[in-house]
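Residue numbers (the numbering used here), protein chains in the order written: chain R, 4 to 111; chain X, 4 to 111.
Just so it is clear, CB atoms sit at the ideal spot from N, CA and C, and this is done for glycine as well.
Only a predicted model underlies this, so the values are computations on that prediction, with no experimental measurement involved.
Data block below; observations after.
Protein chains: 2
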Amino acid sequence: MQLTQMPSATLRQRVAVMKALAHPSRMLIAETLMSGEKCVCDLQALVGADMSTVSKHLTLMRQAGVLVCEKRGLNIYYRLACSCLGTFLRCLDELTPNMESCRSSCCD
Amino acid sequence: MQLTQMPSATLRQRVAVMKALAHPSRMLIAETLMSGEKCVCDLQALVGADMSTVSKHLTLMRQAGVLVCEKRGLNIYYRLACSCLGTFLRCLDELTPNMESCRSSCCD
DNA sequence: GATCTATTTGGCAAAATAGCCAAGCAGTTT
DNA sequence: AAACTGCTTGGCTATTTTGCCAAATAGATC
């Protein structure tokens, strides 16, 4: 692997963000946080996995720069760090209808 | 794992797109294709991996709906299927400067 | 029709990721 | 200060992803 051209820091940052969103539980968390911050226990209830698993997902997303957290009282609240995500996801959702043509190989 | 709420087809589609972009070689391919279509051998030269590896990356991206391909003459040309990607990536790149605060835990 | 060219597919080993349990930890309440 | 609350970390196994090689394929050229 010999990835020239783009600044590698930029590339790594972008890939980290994509990885942070490339999992059903994490995508659901991101979607949910678009309507405002939530504490870890809320997100655990949403995802339905072990608390430790959810915590690890959140750490990953925070380290990628997708989420920010803040401690208030007993709870830790997470929220989205960037607003551009919603726009992108809505665009992707609209892409879905014409998917059949995209999924097939051009050699079929 | 018990992911309620969002239509699961939408969730799966979104996750597939994110996975398709969550790899340095594939992100580089996506970035490159923003300036127009390229054939597989061009992309192999860019990425610097085995041809079969690049081909598998391209298949993954096509199946996720990120790329479309077309055969012309001896070559197969790949291009981006959606234009919204560029906007999102530029937004992410601008996010980078304030990353330090995002990466740290709120409990530090 | 044999050969060449561009690309895909199969198969496998190595590396990365996911998720559970148990244990740790920092504030809070008693 | 003991016990509780909300969350994170360590450790482990199971699953998924990655990337190479070798083999297959489809169309172009000889």
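Neighbour flag for residue i against chain R, beta carbons, 9 Å
i, result
"residue 85 of chain X", "yes"
"residue 94 of chain X", "yes"
"residue 4 of chain X", "Reliability of the predicted coordinates at residue 4 of chain X is poor, the pLDDT of 42 falling under 50, and no value is obtained from them."
"residue 14 of chain X", "yes"
"residue 68 of chain X", "yes"
"residue 59 of chain X", "no"
"residue 24 of chain X", "yes"
Any chain X beta carbon closer than 9 Å to residue i
i, result
"residue 36 of chain R", "no"
"residue 41 of chain R", "no"
"residue 110 of chain R", "Bear in mind that a pLDDT of 43 at residue 110 of chain R, under 50, signals an unreliable position, so the number given afterwards is only what the model happens to contain. By this cut-off, residue 110 of chain R is an interface position."
"residue 88 of chain R", "yes"
"residue 54 of chain R", "no"
"residue 98 of chain R", "yes"
Per-residue DSSP class, three states only, for residue i
i, result
"residue 69 of chain X", "coil"
"residue 83 of chain X", "strand"
"residue 26 of chain X", "coil"
"residue 21 of chain R", "helix"
"residue 89 of chain X", "helix"
"residue 33 of chain R", "helix"
"residue 12 of chain X", "helix"
Residue i - partner residues in DSSP beta bridges
i, result
"residue 42 of chain X", "X/80"
"residue 74 of chain R", "R/79"
Through-space distance from residue j to residue i, alpha-carbon basis
i, j, result
"residue 60 of chain R", "residue 76 of chain X", "46 Å"
"residue 72 of chain R", "residue 88 of chain X", "27 Å"
"residue 78 of chain R", "residue 53 of chain R", "17 Å"
"residue 50 of chain R", "residue 64 of chain X", "27 Å"
"residue 28 of chain X", "residue 43 of chain R", "34 Å"
"residue 92 of chain X", "residue 33 of chain R", "17 Å"
"residue 4 of chain R", "residue 85 of chain X", "Low confidence applies to residue 4 of chain R: its pLDDT is 43, below 50, so where it sits in the model is not reliable enough to give any reading."
"residue 14 of chain R", "residue 90 of chain X", "15 Å"
"residue 58 of chain X", "residue 74 of chain R", "46 Å"
"residue 98 of chain R", "residue 55 of chain R", "34 Å"
"residue 26 of chain X", "residue 80 of chain R", "29 Å"
"residue 48 of chain R", "residue 41 of chain R", "11 Å"
"residue 12 of chain X", "residue 12 of chain R", "33 Å"
"residue 37 of chain X", "residue 66 of chain X", "18 Å"
Closest residue to residue i among the options (Cα-Cα distance)
i, options, result
"residue 82 of chain R", "R/55, R/18 and R/45", "R/45"
"residue 10 of chain R", "X/31, X/15 and X/21", "X/31"
"residue 17 of chain X", "R/15, R/24 and R/16", "R/24"
"residue 39 of chain X", "X/95, X/19, X/97 and X/70", "X/70"
"residue 95 of chain R", "X/98, X/68, X/47 and X/80", "X/68"
beta-carbon residue i near the ligand HEM non-hydrogen atom, thresh 8 Å
i, result
"residue 19 of chain X", "The ligand HEM is absent from the structure shown, which contains no ligands of any kind."
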